[in-house]
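1228 is the number of the first residue of the sequence shown in the numbering used here; add one for each residue after it.
A virtual CB, placed ideally from N, CA and C, is assigned to each residue, including glycine.
Each remark here refers to the structure printed beneath this line.
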Amino acid sequence: MLASIFSRKGASGFSWASTADQVTQGLSAAGLTAIVTGASSGIGAETARVLAARGAHVVMAARNLAAADSVRQAVLADTPAATLDVMELDLSSMASVRKFAADFIAKGLPLNILVNNAGVMAIPFTLSKDGIEMQFATNHVGHFLLTHLLLENMKKTSRESNVEGRIVNVSSEGHRVTYKEGIRFDKINDEAEYGTIGAYGQSKLANILHANELARRFKEEGVNITANSLHPGSIITNLLRYHSIIDVLSRTLGKLVLKNPNQGAATTCYVALHPGAKGVSGKYFCDSNVYEASEKAKDVELAKKLWDLSVELTT
């Protein structure tokens, strides 16, 4: 029963059960350069592996360099011709984001694909080095700044190569359980009203709004880059490490209904590389198919307001 439900294919031809290897089978990413944040484990590691296996030059952006290099070595052992670089990136620190972007640009590489994947989930209240609530800082602000700093490179690459650039924001169905206001613009750093799940939902809602506003701006400018967001599925990863009971359940009983990282990376790889996503922008995906996000996630004015706040926070 569960197998038939999870293997039911959507319009794309893929389903809940599809893997990243399956959605990219037969595709070539040769000549493309991709950055994947959070590439040291989970979805990020699988996304980096599969894109590299398809021929992309993958830059693995990670806070834990040793873990990322271990993933890199494993990929090279399986695919010796793969091209992967490991670069340090701590998305909770704007100084680290700026250094990463400057170092990447100094390499003189093009940039076709940016996968904003890294994140933290439902952690205790803490402020980043820049004084911003940690989930909002890591999941949204760091990726907003990174995208902004790399955007001219992406625009130049798409113009000169005539190949569509793709920005992929890994969000979550958790965006539906944000605070009732959606984004608490005046209370981002308010510890008294902080909720671990609400703050996570807020940051994931921000990922979708960010992608939607990018898509709107690209359309106005006539830029050959798409921006989309997605829910990778409920996955067995280390994101729930602060919630021990839920974590234990997810790694035991959850194996019956949770995706493994390769299945979790499927939608990311689909949106980043598959021809079925070509020209599609400002959409929310799930199970490698376009999916319906919440009403707040589709609020154009909310997206514009978040953009203005993000600019203010990063400047």
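Where residue i falls: helix, strand or coil (DSSP)
| i | result |
| --- | --- |
| residue 1367 | helix |
| residue 1468 | Reliability of the predicted coordinates at residue 1468 is poor, the pLDDT of 45 falling under 50, and the value obtained from them is presented with this limitation in mind. It is coil, neither helix nor strand. |
| residue 1458 | strand |
| residue 1512 | strand |
| residue 1378 | helix |
| residue 1400 | helix |
| residue 1507 | coil |
| residue 1453 | strand |
| residue 1373 | helix |
| residue 1500 | helix |
| residue 1522 | coil |
| residue 1418 | helix |
Straight-line gap, residue i to residue j (C-alpha atoms, nearest Å)
| i | j | result |
| --- | --- | --- |
| residue 1515 | residue 1242 | 7 Å |
| residue 1539 | residue 1402 | 23 Å |
| residue 1485 | residue 1305 | 26 Å |
| residue 1420 | residue 1414 | 8 Å |
| residue 1376 | residue 1325 | 8 Å |
| residue 1409 | residue 1294 | 35 Å |
| residue 1494 | residue 1445 | 22 Å |
| residue 1249 | residue 1265 | 22 Å |
| residue 1321 | residue 1235 | 42 Å |
| residue 1512 | residue 1300 | 31 Å |
| residue 1268 | residue 1532 | 33 Å |
| residue 1256 | residue 1358 | 39 Å |
| residue 1283 | residue 1259 | 5 Å |
| residue 1398 | residue 1526 | 16 Å |
Residue range of the alpha helix (DSSP H) that includes residue i
| i | result |
| --- | --- |
| residue 1321 | 1321-1333 |
| residue 1528 | 1527-1541 |
| residue 1488 | 1488-1491 |
| residue 1250 | 1247-1250 |
Residue range of the unbroken beta strand (DSSP E) whose run includes residue i
| i | result |
| --- | --- |
| residue 1224 | Since the first and last residues shown for the chain are 1228 and 1542, residue 1224 lies out of range. |
| residue 1435 | That residue, residue 1435, is in no beta strand (DSSP E); its alpha helix (DSSP H) goes 1423-1448. |
| residue 1342 | 1340-1343 |
Q) Within the chosen definition, does the segment 1326-1334 reach the segment 1388-1395 through at least 3 CB pairs nearer than 8 Å? A) no
Q. Does the count of Cβ pairs from the segment 1452-1463 and the segment 1492-1500 closer than 8 Å reach three?
A. yes
Q | Meets three-Cβ-pair contact criterion under 8 Å: the segment 1362-1376 and the segment 1340-1349 | A | yes
Q | Segments of 3+ residues assigned as beta strand (DSSP E) that fall wholly inside the segment 1257-1332 | A | 1260-1264, 1284-1289 and 1310-1315
(Q) Within 8 Å, do at least three Cβ pairs link the segment 1425-1435 to the segment 1298-1315? (A) no
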